[in-house]
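Right, one structure below, let's go through it.
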Amino acid sequence: MDIQLSNTLTGQKETFTPIDPAHVRVYACGPTVYNYAHIGNARMAVVFDLLSRVLRTRYPHVTYVSNITDVDDKIITASKQTGEPIDAITKKYADIYNDDMASLGVKRPDIQPRATAHIGDMIRLIETLVEKDHAYVTEQGEVLFHVPSFPAYGGLSHRSRDEQIAGARVEISSHKKDPADFVLWKPSKDDEPGWESPFGPNNGRGRPGWHIECSAMAEEHLGLPFDIHGGGADLKFPHHENEIAQSCCAHGHTHDLSAFAKYWVHNGFVTVNGEKMSKSIGNITLVHDLLNTYKGEVLRLTLLSGHYKQPLDWSEEKLNQNKNMLDGLYQKLKDLDDVPDYDGTVENTEFLAPLYDDLNTPKALSILNAMARSAAKSKDPAMKAGLLQAGKIFGILQQDPDEWLGYHHGAESDIDTQKIESLLQERQEARAAKNYARADEIRDIFTDMGIVIEDTANGPKWKKA
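Residue numbers (this note's numbering): 1 to 465.
In structure tokens:
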């Protein structure tokens with residue numbers, strides 16, 4: 001089967017044809033680490049984690065790069081507000097980000113470069129743009145990319161000239177040759193981080209603009225052109241538009257937007273109860289907080305419950321629906337406990353087909369649920385293996401069913417097992433003697449203890465509520 005992807009660059013769903021089938025290369029813009037990641041940040045991480053998993057079912061070698069931005073005005077502001085050193089802030093929140101994403105089943109990218117480790121690469125790229133008259137140095141020591149020098153600018157977002165200027169939110173100042181020009185390098189104040197450069201006074205001490213970072217890091221780690229670039233829909237303009245301009249112009253491809261990356265993939269926005277996440281509204285939803293209430297697989301499944309291209313509305317109702325779905329899937333896995341392992345090859349063509357079709361996760365989920373029902377009914381080892389493999393690709397069903405469902409785990413449990421077993425025995429005896437009042441009293445005792453009793457054909461079972 002071929003993989004189909006919606007390519008933002010062409011505006012069409014296309015058959016994915018890698019530059020080198022022996023090595024597929026993917027880049028996604030990662031977080032700026034000055035605070036906790038919100039659920040919108042997590043959607044990008046989960047979507048590109050799934051994309052890399054799907055690509056690996058088809059191609060032998062996939063390199064997935066996603067960066068960490070650890071030099072930025074927001075980070076500097078956070079340092080001044082808290083009094084914490086910048087290095088401490090970026091390390092703290094980068095570690096929290098990786099831990100939180102791991103809880104959502106997101107594997108660490110193959111390469112996770114940090115902007116501050118690539119300042120030299122950025123400076124060399126900026127020098128090339130200046131030499132080729134695509135950028136200029138101002139008297140203030142800024143280096144600006146000259147947008148009119150790249151006639152194809154706007155080709156990714158398909159914005160008009162007026163929309164470009166408005167969307168960039170640029171300040172029109174006297175030292176700009178054009179209002180759409182954007183910063184590649186800017187001077188640093190004495191109390192701000194900075195690096196020496198060939199640009200401007202004070203040994204050119206300054207720091208990079210945001211857009212140049214990903215151009216430099218993508219080229220360094222993947223080479224140009226590479227296969228897939230992307231991120232959240234909010235990055236399409238101006239960030240990704242500017243990356244294309246910088247990289248294409250530096251390498252003389254002023255009329256070929258695909259000379260940087262061949263396919264562009266963007267996931268939709270996350271809203272909360274129908275509203276855009278905003279500090280002013282107070283509805284910023286942090287992954288770190290959600291993990292105190294919901295298991296990571298519930299968050300992951302909710303993020304993948306809608307098609308990645310479409311907006312996703314985040315709500316408690318949707319979370320609970322997906323928790324219930326996972327509970328049902330884990331119960332079916334529990335019912336397959338006595339089914340032996342399967343030694344043969346599992347193809348899973350039916351499950352992979354919708355994922356190959358532009359990551360159609362809703363349809364894939366429907367098939368996965370049908371697989372679970374069929375496996376539980378048939379007790380077939382091959383079907384059980386197929387279900388487990390599908391779960392692994394999707395990034396769910398990775399826990400022990402007993403642990404997920406709350407069944408007792410012997411010495412690992414913090415519950416008074418002896419008391420529970422004694423009460424269960426007493427309840428069985430009361431029911432046999434038709435003393436239903438006492439049996440009901442014991443069930444109430446279990447409820448107060450946070451224990452659920454399930455009467456099955458094989459006798460009663462208990463688990464944590």
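Backbone N, C-alpha and C fix where the C-beta goes; we use that ideal spot for every residue, glycine too.
Report yes if the CB atom of residue 312 is closer than 8 Å to the CB atom of residue 270, and no otherwise.
Note that the C-beta distance between residue 312 and residue 270 is below 8 Å.
Check residue 144 in the structure and name its three-state DSSP category.
DSSP, reduced to helix, strand and coil, places residue 144 within a strand of the structure shown.
In chain order, which continuous runs of the beta strand (DSSP E) of length 3 or greater are located wholly inside the segment 81 to 163?
With a minimum length of 3 residues, the continuous beta strand (DSSP E) runs that stay inside the segment 81 to 163 are 135 to 137 and 143 to 145.
If you draw a straight line from the C-alpha of residue 463 to the C-alpha of residue 420, how long is it?
Using only the alpha carbons, I get a separation of about 10 Å.
Leaving out five residues on either side along the sequence, give the residues of the same chain with a beta carbon under 6 Å from the beta carbon of residue 411.
In this prediction, residue 411 scores a pLDDT of 49, lower than 50, which makes its location untrustworthy; the coordinate-derived value is nonetheless stated afterwards. Hits under 6 Å: none found.
Tell me whether the segment 133 to 141 and the segment 218 to 238 touch, counting them as touching only if at least three CB pairs, one residue from each stretch, are closer than 8 Å.
No, because fewer than three Cβ pairs between the segment 133 to 141 and the segment 218 to 238 fall closer than 8 Å, the two stretches do not touch.
Given residue 105 as reference, the closest of 287, 306 and 22 once Cα atoms are compared:
Taking only the C-alpha atoms, the option nearest residue 105 is 287.
When the distance is taken between beta carbons, is residue 182 closer than 8 Å to residue 254?
One thing to note: residue 254 has its Cβ no nearer than 8 Å to the Cβ of residue 182.
Which of helix, strand or coil does DSSP assign to residue 274?
If DSSP states are grouped into helix, strand and coil, residue 274 belongs with coil.
DSSP state of residue 411, grouped into three classes?
Its pLDDT being 49, under 50, residue 411 is placed unreliably in this model, and the coordinates cannot settle the point.
For residue 501, collect the residues of the same chain with a Cβ closer than 7 Å to its Cβ; drop the 5 residues on either side in sequence, then sort them by chain order.
Because the chain here runs from 1 to 465, residue 501 falls outside it and cannot be looked at.
Compute the Euclidean distance between the alpha carbons of residue 377 and residue 318, then round it to the nearest angstrom.
Computed Cα separation, rounded: 28 Å.
Helix, strand or coil for residue 15? Go by DSSP, reduced to three states.
Collapsing the DSSP output to three states places residue 15 in a strand.
Run through DSSP, which three-state label would residue 238 get?
Secondary structure of residue 238 (DSSP, three-state): helix.
Endpoints, the beta strand (DSSP E) within which residue 266 is located:
Residues 261 to 267.
Can you give me the C-alpha to C-alpha distance between residue 209 and residue 345, rounded to a whole angstrom?
In this model, residue 209 and residue 345 are separated by some 50 Å (Cα to Cα).
Below 8 Å, can you find three or more Cβ-Cβ pairs linking the segment 261 to 276 to the segment 75 to 92?
No, they do not touch.
Buried or exposed for residue 241, going by 16 or more other Cβ atoms inside 10 Å?
That one is buried.
Check each candidate in 320, 275, 276 and 272 and name the one with the smallest Cα separation from residue 294.
Of the listed residues, the one whose Cα sits closest to residue 294 is 320.
Continuous beta strand (DSSP E) assignments of at least 3 residues falling wholly in the segment 400 to 465:
List check, beta strand (DSSP E) in window: 451 to 456 and 459 to 464.
Going by C-alpha distance, which of 230, 424, 327 and 249 is nearest residue 41?
In this structure, 230 is the residue among 230, 424, 327 and 249 with its C-alpha nearest to the C-alpha of residue 41.
Could you give the C-beta distance for residue 58 and residue 3, rounded to a whole number, given that I count them as a contact under 8 Å?
Sure, about 6 Å apart at Cβ, within 8 Å.
Which of the three DSSP states, helix, strand or coil, is assigned to residue 330?
Reduced to three states, the DSSP call for residue 330 is helix.
Give me the Cβ distance between residue 226 and residue 25, rounded to the nearest whole Å; I'm assuming they're in contact under 8 Å.
Indeed, because the Cβ distance is near 4 Å, the residues count as touching under 8 Å.
Classify residue 131 as buried or exposed, calling it buried when 16 or more other Cβ atoms lie within 10 Å of its own Cβ.
Looking at its Cβ environment, which holds fewer than 16 other Cβ atoms inside 10 Å, residue 131 is exposed.
Put residue 298 into one of helix, strand or coil per three-state DSSP.
The answer is helix: DSSP assigns residue 298 an H, G or I state.
Please tell me whether residue 220 and residue 121 are closer than 8 Å, where the distance is taken between their beta carbons.
Between residue 220 and residue 121, the gap from beta carbon to beta carbon is short of 8 Å.
Buried versus exposed, by CB contacts within 10 Å (16 or more), residue 142
Buried, since its Cβ has 16 or more Cβ neighbours within 10 Å.
Inter-residue Cα distance where the pair is residue 361 and residue 70
If I take the Cα positions, the gap works out to 32 Å.
Where residue 158 falls, given that 16 or more other Cβ within 10 Å makes a residue buried
The residue in question, residue 158, is exposed, as its Cβ has fewer than 16 Cβ neighbours within 10 Å.
Of the choices 387, 207 and 111, whose alpha-carbon is the least far from that of residue 119?
For residue 119, the closest alpha carbon among the candidates 387, 207 and 111 is that of 207.
Per-residue DSSP class, three states only, for residue 207
Residue 207 carries a strand assignment under DSSP once its states are collapsed to helix, strand and coil.
So, at 6 Å on beta carbons, what are the nonlocal neighbours of residue 333 in its own chain, with the 5 sequence-adjacent residues on each side left out?
Excluding residues within five positions, the ones whose Cβ falls inside 6 Å are 401.
Ignore the nearest five residues each way along the sequence and tell me which others in residue 78's own chain have a CB closer than 8 Å to its CB.
The answer, listed in chain order, is 34, 35, 84 and 89.
So residue 49 is in the alpha helix (DSSP H); what residue range does that whole segment cover?
Counting along the chain, the alpha helix (DSSP H) containing residue 49 begins and ends at 39 to 56.
Cβ contact check for the segment 243 to 254 and the segment 92 to 109: 3 or more pairs under 8 Å
Counting C-beta pairs with one atom in each stretch, the segment 243 to 254 and the segment 92 to 109 have fewer than three that are closer than 8 Å, which means they do not touch.
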